[in-house]
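A quick write-up on the structure given underneath.
Residue numbers (my numbering): 1 to 417.
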């Protein structure tokens, strides 16, 4: 583990390489003007970031499939149709539909020549129509069912968004230089209907080294008293999602303690938690929440961390993501798996739970093996009567991270490179 050398992740955002290009003709590769480009925000709002990170990085990498020709795709389950006039890019997308008795919608494409993804990460654009939330699952048969990588991420119904995929399971001994089949599926519950639009499958180059980020929600005092000393022994920085209305209570950190963490290399990010999720707030309420939280962080000297967001309850909708992009460069939600380090959806970066040391260690191992970004989510540390990670379990996670050949990073490390 290296917390100082950023050679493996430098340029994940600041580099212009493959940051907005497309391949193919305008019909298959171009994106609408409001999807990609360097959109600067006006200078009237001092809390706004310089540009919309979603637009700058939403079309990075190379286009693998724009779903303009659905004849190369077939179905294992459910139905596949062209969604004309409803696309992330180009003229149409693919609509996957699962009827109540299907269990899932499942499409696949076989490649005449092996697809080499040994040094590339995969992302795709999705628009979930039903249900309200579900996992998008992608399988890479490399070269067959016995040797495959399963990539998945949970998403909310939130308009068009990109999904940066990382493995959630590895079967056999897959060879990513020999991918013969790409499968995309939307699993649904028994008796439920599912509808998913899919578009713009893209690949981005892997960095030289994987990265792991330890994040902590809710500025609980145990993060300072228990987690910080353990991480400090190994020189590992962390990130706190700060609820600014809950600072300096008996169970939470004081501003001075947060500044001590900042001075040790930690980020204090925005975590504007209210009594409802952003899916239940009006657009106006959401914008106010983003602004008030960021203003507090800036006023208290946490300008660097204020550029980043930790989604309360891990929930968002289209209006909230759009508003968040005005005030933050990166946002961290749920999702349950690692992601490609050169993310194409910077406002909804997935996280994995840090409450199960064995599973967390496995997610760190995936970041090391495939040069991915694994973002770990913790809450309290070492509280006997709650459901979160124990002190001993957290120490095992940190020891495992220290032994891994990855970079330990903060959002500032990723963003500033």
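Note that the Cβ used here is the ideal one computed from N, Cα and C, for glycine as well. Here the structure is a predicted model, which means the values were calculated and not measured.
| query | result |
| --- | --- |
| In whole angstroms, what separates the C-alpha of residue 242 from that of residue 53? | 22 Å |
| Roughly how many whole angstroms lie between the Cα atoms of residue 125 and residue 101? | 26 Å |
| Kindly provide the ranges of any beta strand (DSSP E) runs that are 3 or more residues long and lie completely inside the stretch 346 to 404, ordered along the chain. | 349 to 353, 372 to 378 |
| Please name the residue in 183, 58, 129, 152 whose C-alpha comes closest to that of residue 107. | 183 |
| Roughly how many whole angstroms lie between the Cα atoms of residue 302 and residue 74? | 51 Å |
| Put residue 315 into one of helix, strand or coil per three-state DSSP. | coil |
| Do you know whose CA, among 409, 367, 400, 382, lies nearest residue 170's CA? | 367 |
| Going by beta-carbon coordinates alone, are residue 94 and residue 199 separated by less than 8 Å? | yes |
| By a C-beta neighbour count over all protein chains shown, 10 Å radius and 16 as the cutoff for buried, is residue 251 buried or exposed? | exposed |
| Going by DSSP in three states, residue 271 sits in which element: helix, strand or coil? | coil |
| Report, in whole angstroms, the separation of the C-beta atoms of residue 352 and residue 214, which I expect to be a contact under 8 Å. | With a Cβ gap of about 11 Å, residue 352 and residue 214 do not count as contacting. |
| Taking the alpha-carbon positions, what's the residue 209 to residue 329 distance? | 22 Å |
| Please classify residue 88 as buried or exposed, where buried requires at least 16 neighbouring CB atoms within 10 angstroms. | buried |
| Do you know how far the Cα of residue 264 is from the Cα of residue 401? | 18 Å |
| Where do the N-terminal and C-terminal ends of the alpha helix (DSSP H) with residue 414 fall, by residue? | 411 to 416 |
| Relative to the C-alpha of residue 85, which residue among 197, 37, 411, 392 is closest? | 197 |
| Return the CA-CA distance between residue 448 and residue 69, expressed in angstroms with no decimal places. | The displayed coordinates of the chain run from 1 to 417. Any statement about residue 448 would go beyond what the structure contains. |
| Taking just the CA atoms, how far does residue 50 sit from residue 23? | The predicted position of residue 23 is uncertain, since its pLDDT is 36 and thus under 50; a value taken from the coordinates is nonetheless stated next. Cα to Cα, residue 23 sits roughly 27 Å from residue 50. |
| Cutting at 6 Å between CB atoms, please list the residues of its own chain near residue 355, excluding the five before and the five after it. | 388, 389 |
| Let me make sure I understand the geometry here. Which of 116, 236, 255, 227 has the alpha-carbon closest to that of residue 204? | 116 |
| Pop quiz: residue 310 and residue 332 are said to be a contact at Cβ under 8 Å. What is the actual Cβ separation, rounded to whole angstroms? | 5 Å |
| Would you say residue 323 reaches chain B, if we count a Cβ-Cβ gap shorter than 8 Å as a contact? | As a matter of chain content, chain B is missing from the structure shown, which is built from one protein chain. |
| Considering only residues of the same chain and omitting the five flanking positions on each side of residue 393, which have a CB-CB separation below 6 Å? | 357 |
| Can you list, in chain order, the residues of its chain whose CB lies under 7 Å from that of residue 398, leaving out five sequence neighbours each side? | 230, 231, 234, 236 |
| Could you tell me the distance, in whole angstroms, from the CA atom of residue 206 to the CA atom of residue 249? | 43 Å |
| So residue 201 and residue 194 are supposed to be a Cβ contact under 8 Å. How far apart are they, rounded? | Contact flag wrong, Cβ pair sits at about 19 Å. |
| Which residues bound the beta strand (DSSP E) around residue 110? | 104 to 115 |
| Can you give me the start and stop residues for the alpha helix (DSSP H) that residue 153 sits inside? | From DSSP, residue 153 is part of no alpha helix (DSSP H) but of the beta strand (DSSP E) over 147 to 156. |
| Starting from residue 176, follow the alpha helix (DSSP H) in both directions and report where the run begins and ends. | Counting along the chain, residue 176 falls outside any alpha helix (DSSP H), and DSSP gives it neither H nor E. |
| In the structure shown, what three-state DSSP assignment does residue 419 receive? | Since the first residue shown for the chain is 1 and the last is 417, residue 419 is missing from the structure and cannot be characterised. |
| Please classify residue 407 as buried or exposed, where buried requires at least 16 other C-beta atoms within 10 Å of its C-beta. | buried |
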